[in-house]
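Take 0 as the starting number for the sequence shown in numbering that gives the first Met the number 0 and just add one per residue.
Positions of the beta carbon are idealized from the N, C-alpha and C atoms, including for glycine.
One structure is given below, encoded as structure tokens.
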Amino acid sequence: MQIEVVKSKIHRIKVTQADLNYIGSITLDPELMAAANLIEGEKVQILNIDNGERFETYTILGEPNSGIVCLNGPAARRVAVGDIIIVISYAQMDFEEAKNFKPWLVFPNEETNKLD
Numbered sequence: 000m001q002i003e004v005v006k007s008k009i010h011r012i013k014v015t016q017a018d019l020n021y022i023g024s025i026t027l028d029p030e031l032m033a034a035a036n037l038i039e040g041e042k043v044q045i046l047n048i049d050n051g052e053r054f055e056t057y058t059i060l061g062e063p064n065s066g067i068v069c070l071n072g073p074a075a076r077r078v079a080v081g082d083i084i085i086v087i088s089y090a091q092m093d094f095e096e097a098k099n100f101k102p103w104l105v106f107p108n109e110e111t112n113k114l115d
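Pasting the structure below:
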């Protein structure tokens with residue numbers, strides 16, 4: 000039996016930009032992506048703490064050590080600059096394998112979006 004479990008989570012980061020005129024996705028600091036074991040183009044779920052929105056998009060690399068968290072395209076309408084969000088990716092795996100799996104959990108500084 001295959002189940003879906005949390006693979007990666009970046010907990011409580013601040014939206015720094017919203018760009019409606021981009022084709023779509025979330026731009027993230029590569030340092031955060033590496034810490035969370037996320038790759039460019041990976042599907043992620045965004046949970047907006049401030050307004051309760053939950054939606055899916057995919058990741059793209061931003062400028063290293065910039066702290067950038069930019070929602071692009073239609074996703075830009077679901078956030079405001081300054082909102083606090085959670086970024087989660089999931090993986091499918093065998094039920095028995097999932098029992099021992101440990102996700103990558105990242106808790107950056109909420110003000111700077113950087114790892115301390």
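Margin query: In this structure, how does DSSP classify E41 when only helix, strand and coil are distinguished?
Written below: The answer is coil: DSSP assigns E41 none of H, G, I, E or B.
Note to self: Just verifying my parser: in three-state terms, what is the DSSP assignment at L114?
What the structure shows: Assigned with DSSP and collapsed to three states, L114 falls in coil, not helix or strand.
Check: Would DSSP call A90 helix, strand or coil?
Finding: Assignment of A90 by DSSP, reduced to helix, strand and coil, places it in the strand class.
Note to self: Taking the beta carbon of T111 as the centre, do at least 16 other beta carbons fall within 10 Å, making it buried, or is it exposed?
What the structure shows: Under this definition T111 is an exposed residue.
Check: Would you call L37 buried or exposed, if buried means 16 or more other Cβ atoms sit within 10 Å of its Cβ?
Finding: Buried is the call here.
Notebook entry, point to check: Are there three or more Cβ pairs, one per stretch, closer than 8 Å when the segment 12-19 is compared with the segment 67-74?
Noted result: Yes, the segment 12-19 touches the segment 67-74.
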